[in-house]
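Input: a single structure, listed below in structure tokens.
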Amino acid sequence: MYDEASQEQQAAELFRREVRLTEAEGFGVPAMPAGIPQWSLTLLLASLFAVAAWFVCTTHYAHKQTVIGQVTPAAGTFRIMATKSGIAERVLVNEGDRVRGGQVLMFVSSTPRLEHGESLSVSLRENQRSQLDLQASQANARRDQLLRQREELVTRRKGIDADLSQIAGSIHLQNERVQIHERTVDAARILGNQGMMAALTVHAKENDLIESRQFLSALKREKAQQESMREQLRVQGERIGAELRSVLTEAVLWSSNFGHHD
1 MYDEASQEQQ
11 AAELFRREVR
21 LTEAEGFGVP
31 AMPAGIPQWS
41 LTLLLASLFA
51 VAAWFVCTTH
61 YAHKQTVIGQ
71 VTPAAGTFRI
81 MATKSGIAER
91 VLVNEGDRVR
101 GGQVLMFVSS
111 TPRLEHGESL
121 SVSLRENQRS
131 QLDLQASQAN
141 ARRDQLLRQR
151 EELVTRRKGI
161 DADLSQIAGS
171 IHLQNERVQI
181 HERTVDAARI
191 LGNQGMMAAL
201 TVHAKENDLI
211 ESRQFLSALK
221 REKAQQESMR
231 EQLRVQGERI
241 GAELRSVLTE
251 AVLWSSNFGH
261 HD
């Protein structure tokens, strides 16, 4: 009986040890208490709380505050401003000098001058005038060039129109010649078939017809070439006209700017 109870107790201890190991792996083991008396821990916590309360009650914090107001100097002014714009030609005081009321500090020139004595504004105006004159002269030169080109185109177009008129007359006459040669060849072939005209004469009439047709084709090709050239001159004339209008507009703008600056 005693052996059975002892075995059951050993089995219970074994299972209890397994349960403890499982709990330790899942939740961890409790920390081992240090050998410090409880009254010491209580006294330490009370001291820390007292020190924190004393620090909060006795410490002074810096507060940020915005103050709106105006600062007026006892004498003088903060800044020195000229009554009109210009360039300081000569400064009569140095940094750190004490000055009195009404003392002249500097000379300000509203019309600054260059080293050789010429006024800066006059020099700038003359420079701008020179640039405008140069631009105007370039525009005038380009305008004259375009006008000459346009006149040349007009002259060439008139010549082409005259040539086309002459070619049209030549084509009309050549058409009549071709028709005459065609009738002549038809009659020669009839006579040749009847033995009333030699074969060589018939072939000569046919050659005359071929030459007339070739000459008519050449006149038509020349007419087409002249018409193509006239179309090219028309397009070129439109381009020159557009560029000429642009140049004239720019010249008017430069002239208005020149008058405005004067």
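Once you know that position 140 of the sequence shown is 140 in UniProt numbering, the rest is easy, because the numbers rise by one and skip nothing.
Heads up, the beta-carbon is just placed ideally off N, CA and C, and yes, glycines get one too.
Quick caveat, the model's predicted, so the values are computed rather than measured.
Among the options, nearest to residue i - alpha-carbon criterion
i             : options                      : result
aspartate 144 : Gln166, Glu243, Leu253       : Glu243
glycine 169   : Glu222, Gln38, Asn94, Ile210 : Glu222
arginine 177  : Ala50, Asp133, Cys57, Phe215 : Phe215
glycine 241   : Leu44, Arg148, Arg98         : Arg148
arginine 245  : His172, Leu146, Gln194       : Leu146
arginine 157  : Gly96, Glu227, Gln128        : Glu227
residue 306   : Arg213, Leu132, Ser217       : Nothing can be reported for residue 306: it is not among the residues displayed for the chain, which extend from 1 to 262.
CB-CB length for residue i against residue j, believed under 8 Å
i              : j              : result
alanine 139    : alanine 251    : 4 Å
leucine 153    : leucine 248    : 18 Å between Cβ atoms; not a contact.
leucine 209    : glutamine 174  : Actually they are not in contact, since the Cβ atoms of leucine 209 and glutamine 174 sit about 12 Å apart, beyond 8 Å.
glycine 237    : arginine 142   : Between arginine 142 and glycine 237 the Cβ distance is about 17 Å, and since that is not below 8 Å, they are no contact.
methionine 106 : leucine 92     : 6 Å
methionine 197 : alanine 188    : 6 Å
methionine 229 : isoleucine 160 : 6 Å
glutamate 206  : valine 185     : 5 Å
glycine 195    : valine 202     : Actually they are not in contact, since the Cβ atoms of glycine 195 and valine 202 sit about 11 Å apart, beyond 8 Å.
Residue i CB to nearest heavy atom of the ligand ADP below 7 Å
i             : result
aspartate 163 : Questions concerning the ligand ADP fall outside what the structure shown contains, since it holds no ligand whatsoever.
- Message: Three or more C-beta pairs under 8 Å: does that hold for the region 156-171 against the region 181-196?
- Response: They do not touch, by the three-pair rule.
- Task: Identify every run of the alpha helix (DSSP H) within the region 181-255, keeping only runs that are complete inside it and at least 4 residues long; order them along the chain.
- Result: For the region 181-255, not a single whole alpha helix (DSSP H) run of length 4 or above is found.
- Query: In chain order, which alpha helix (DSSP H) runs of at least 4 residues are fully inside the region 140-181?
  - Reply: Qualifying alpha helix (DSSP H) stretches: none in this window.
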